[in-house]
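Residue numbers (full-length UniProt numbering), protein chains in the order written: chain D, 1 to 389; chain P, 1 to 240. Note that the Cβ used here is the ideal one computed from N, Cα and C, for glycine as well. Only one structure is covered here, and it is reproduced in the block below.
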């Protein structure tokens, strides 16, 4: 186990995942297929651990597992890592899980912070899978605010949540946490559902996104805007904010840009995003926009532009949005993904060299007929004059 | 058997059995290779597929909903298609945003794209060769119905239509960027790198690829020749 992290560091940072399990007193409830929630969770974890690919860097953290008293201050500090992040040893992990006894409070916010620390701040994709049967009993800090802060600190932390027979408050809290970090929420009411979902989440975490976008901070004006090369970037944009970026462009090149703004908080029903390309002095070149309503994870827009005969060597990209939300406007902005590409410009095609359609045939037939008649007359006239001479 | 099936469904990397959760992690699909995915209500499922000029991509999705007893109302579902620049592409046919009644056991969605063009003005939104993204999700759903397990079947077909109506070619297909970018503080002096000539400089580049235009034009030439012979025969002196 001790040598494992070293090996992990050698292989270009494999993605890491931490399971955070609620072992609070409420897990004693006997309401899943006639068994206690903790018994079902233990078995599900055992199955997941058995089926893990060897390369997965997995850790397990529990909350509310040791302090059985009534002192809230003590109970709300109760979270421990029982399996450190690394390649999992199934026997040791299952033994650690088997020893768990449902005990104390539910400090979700604290456990999320601790889990984020466990996962570290490397370049690897990081994922937390939070499994709980009840809402946070240690607010403040509100776990949803904690999740939003964590997501704002590092761009690569995602929290997936799983509610065990959740009630309304738990569900809303878990949905809020997962939305804030771009994760997913699922509920489980049977052992099969729990096992399947945990395994699916762990498998998903084991397949990292093909590319980790570079962080950039857009400026408020074009002159101060960062200059971007082709590639993927992330940034954050507040509601109503405009962010400027610059892209150098050579003659004969085409600029391709797309932007996705993630809806990481509850927003009003209708919203939109606008991506504009302009010259440095503000003349608009082209725009891409999209608007939508209802639930969504991201809203995207894209554009293409090539300078043609114009002498424009720098294009300003402006990202703006039309969201409205009751969530505090001062909070970190909404996550934004910007992709820039410069490729060879396409040339406008010439007129078609071939024809099609009945009219074409008619014209050709009439032309052929006329040509034939003319040729016939000409031949006759020529033969007649030749005979006379 | 059930666990075995579930394990099979959730196996990572198994072609045709997975879906992504974002544009970056979209799972690739192929035409005529149906995919089946286990998911939950509220998930955003992403797939991607390549398309070439002349194709007419057609998507059909069937969502097997959670048991009606667990649901609390109607659900609005939608299937959306985006091109490689994440621009929304309209569906010209198909039930794109159906509403599942509270008693329904499943719901079928469909989306037919326009025929992929070989070239379009940069400012056009026309479908072009490259990568396409599919996003399947529920847009309106009772809050208490989030997170319930469901199953999704997705099928892509891409008939090859006639490319004869189109001229021009795109220098590079609309594919997503797959490398992190770099930021510099100031504009670099434009290097005089000879930008690659997009034109195909081979001797036969002027010959258009085969399409119905070839048939029309050739047929027209033959008919014109026949008409010419007929016209010639009109002028012959009839023998008594």
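Beta carbon proximity, residue 172/P to chain D, threshold 8 Å:
Under the Cβ distance rule, residue 172/P counts among the residues neighbouring chain D, one pair being separated by less than 8 Å.
Excluding the 5 residues flanking residue 214/D on each side, which residues of the same chain have their C-beta closer than 8 Å to its C-beta?
Around residue 214/D: 231, 232, 233 and 234.
Opposite residue 89/P in the DSSP bridges: which residues?
Residue 89/P is bridged to 81/P.
Residues near residue 117/P in its chain [Cβ-Cβ closer than 7 Å; skip 5 each side]
Around residue 117/P: 53, 126, 127, 128 and 166.
Residues that residue 341/D bridges to, as DSSP identifies them:
Per DSSP, 256/D.
At what residues does the alpha helix (DSSP H) containing residue 110/D begin and finish?
Segment 108-119, the alpha helix (DSSP H) holding residue 110/D.
Partner residues on chain P for residue 369/D, Cβ-Cβ distance less than 8 Å:
Per Cβ cutoff of 8 Å: 227, 228, 230 and 231.
What is the DSSP secondary structure of residue 182/P, counted as helix, strand or coil?
In the three-state reduction of the DSSP assignment, residue 182/P falls in the coil class, being assigned neither a helical nor a strand state.
Between the CA atoms of residue 45/P and residue 39/P - distance to the nearest angstrom:
Between residue 39/P and residue 45/P, the C-alpha separation is close to 8 Å.
Outcome for residue 193/D when other beta-carbon atoms lying within 10 angstroms are tallied against a minimum of 16
Taking all protein chains in view, the Cβ of residue 193/D is crowded by 16 or more other Cβ atoms within 10 Å, so the residue is classified as buried.
Sort out for me which residues DSSP pairs residue 35/D with in a bridge.
Paired residues: 32/D.
Taking only runs of the beta strand (DSSP E) that begin and end inside the stretch 48-80 of chain P, which ones reach a length of at least 3 residues, in chain order?
Runs of the beta strand (DSSP E) lying entirely within the stretch 48-80 of chain P and spanning at least 3 residues, in chain order: 55-64.
Considering Cα atoms alone, identify which of 124/P, 103/P and 134/P is closest to residue 111/P.
When each option's Cα is compared against that of residue 111/P, the closest is 134/P.
Would you mind sorting residue 124/D into buried or exposed? The rule is 16 or more other CB atoms within 10 Å of its CB.
Looking at its Cβ environment, which holds 16 or more other Cβ atoms inside 10 Å, residue 124/D is buried.
Closest by C-alpha distance to residue 287/D, when choosing among 231/P, 122/P and 173/P:
It is 122/P.
Just to confirm the assignment: which complete beta strand (DSSP E) runs, minimum length 3, are found wholly within the stretch 295-325 of chain D?
298-305 and 314-321, all fully within the stretch 295-325 of chain D.
Partners in chain D for residue 131/P, counting only beta-carbon separations shorter than 8 Å
Neighbours of residue 131/P on chain D: none; closest Cβ ~11 Å, over 8 Å.
Quick one: which unbroken beta strand (DSSP E) runs of 3-plus residues sit fully inside the stretch 41-94 of chain D? Chain order, please.
If one requires a minimum length of 3 residues, the beta strand (DSSP E) runs lying completely within the stretch 41-94 of chain D are 57-63 and 79-87, in chain order.
Nearest-angstrom Cα separation, counted from residue 299/D out to residue 321/D:
Between the C-alpha atoms of residue 321/D and residue 299/D there is a straight-line separation of about 10 Å.
Can you tell me which of the three DSSP states residue 262/D falls into?
Note: residue 262/D maps to strand in three-state DSSP.
Check the Cβ of residue 44/D against every Cβ in chain P and list those closer than 7 Å, keeping chain order.
Chain-order list of chain P residues neighbouring residue 44/D: empty, with the shortest C-beta distance near 11 Å, by a criterion of under 7 Å.
Are the beta-carbon atoms of residue 61/P and residue 153/P separated by less than 8 Å?
The Cβ atoms of residue 61/P and residue 153/P sit closer than 8 Å to each other.
In this structure, does DSSP put residue 224/D in helix, strand or coil?
Of the three classes helix, strand and coil, the one that applies to residue 224/D here is coil, per DSSP.
Which whole-angstrom value is the C-beta distance of residue 116/D and residue 264/D, which I expect to be below 8 Å?
At roughly 16 Å, the Cβ-Cβ gap does not stay under 8 Å, so residue 116/D and residue 264/D are not in contact.
Output needed in chain order: residues of the stretch 200-221 of chain D with a Cβ under 8 Å from some Cβ in chain P.
Answer in chain order: 200, 203, 204, 206, 207, 209, 210, 211, 212, 213, 214 and 216.
Touch check for the stretch 39-55 of chain D and the stretch 190-207 of chain D: three-plus C-beta pairs under 8 Å?
These segments touch.
Within 10 angstroms of its Cβ, does residue 233/P collect 16 or more other Cβ (buried), or is it exposed?
Exposed, because fewer than 16 other Cβ atoms sit within 10 Å of the Cβ of residue 233/P.
Any Cβ of chain P within less than 8 Å of the Cβ of residue 136/D?
No, no contact with chain P.
For residue 210/P, decide whether its Cβ has a neighbour in chain D, counting only Cβ atoms nearer than 8 Å.
No, because no Cβ of chain D sits closer than 8 Å to the Cβ of residue 210/P.
Three-way DSSP call (helix, strand, coil) for residue 478/D in this model
No answer is possible for residue 478/D: it lies beyond the span of chain D, which begins at 1 and ends at 389.
Leaving out the 5 sequence neighbours to the left and right, which residues in its chain are closer than 8 Å to residue 138/D when beta-carbon positions are compared?
Excluding sequence neighbours, residue 138/D sits near 72, 75, 76, 105, 106, 107, 108, 109 and 110.
Helix or strand or just coil, what does DSSP make of residue 243/D?
Residue 243/D falls in the strand class under three-state DSSP.
With three or more beta-carbon pairs closer than 8 Å as the criterion, would you say the stretch 302-314 of chain D touches the stretch 240-258 of chain D?
When C-beta atoms of the stretch 302-314 of chain D are compared with those of the stretch 240-258 of chain D, three or more pairs fall below 8 Å, so the two segments count as touching.
In chain D, which residues lie with their C-beta within 8 Å of the C-beta of residue 144/P?
One finds 168 and 171 in chain D with Cβ atoms closer than 8 Å to the Cβ of residue 144/P, taken in chain order.
Looking only at its chain, what residues have a beta carbon closer than 6 Å to the beta carbon of residue 161/D, apart from the 5 residues adjacent to it on each side?
Only residues of its own chain outside the window of five on either side were considered, and among them 130, 174, 177, 178 and 185 have a CB closer than 6 Å to the CB of residue 161/D, listed in chain order.
Per-residue contacts from residue 54/D into chain P (C-beta, under 8 Å)
Using a Cβ-Cβ cut-off of 8 Å, residue 54/D is close to nothing in chain P; its nearest Cβ partner there is about 13 Å away.
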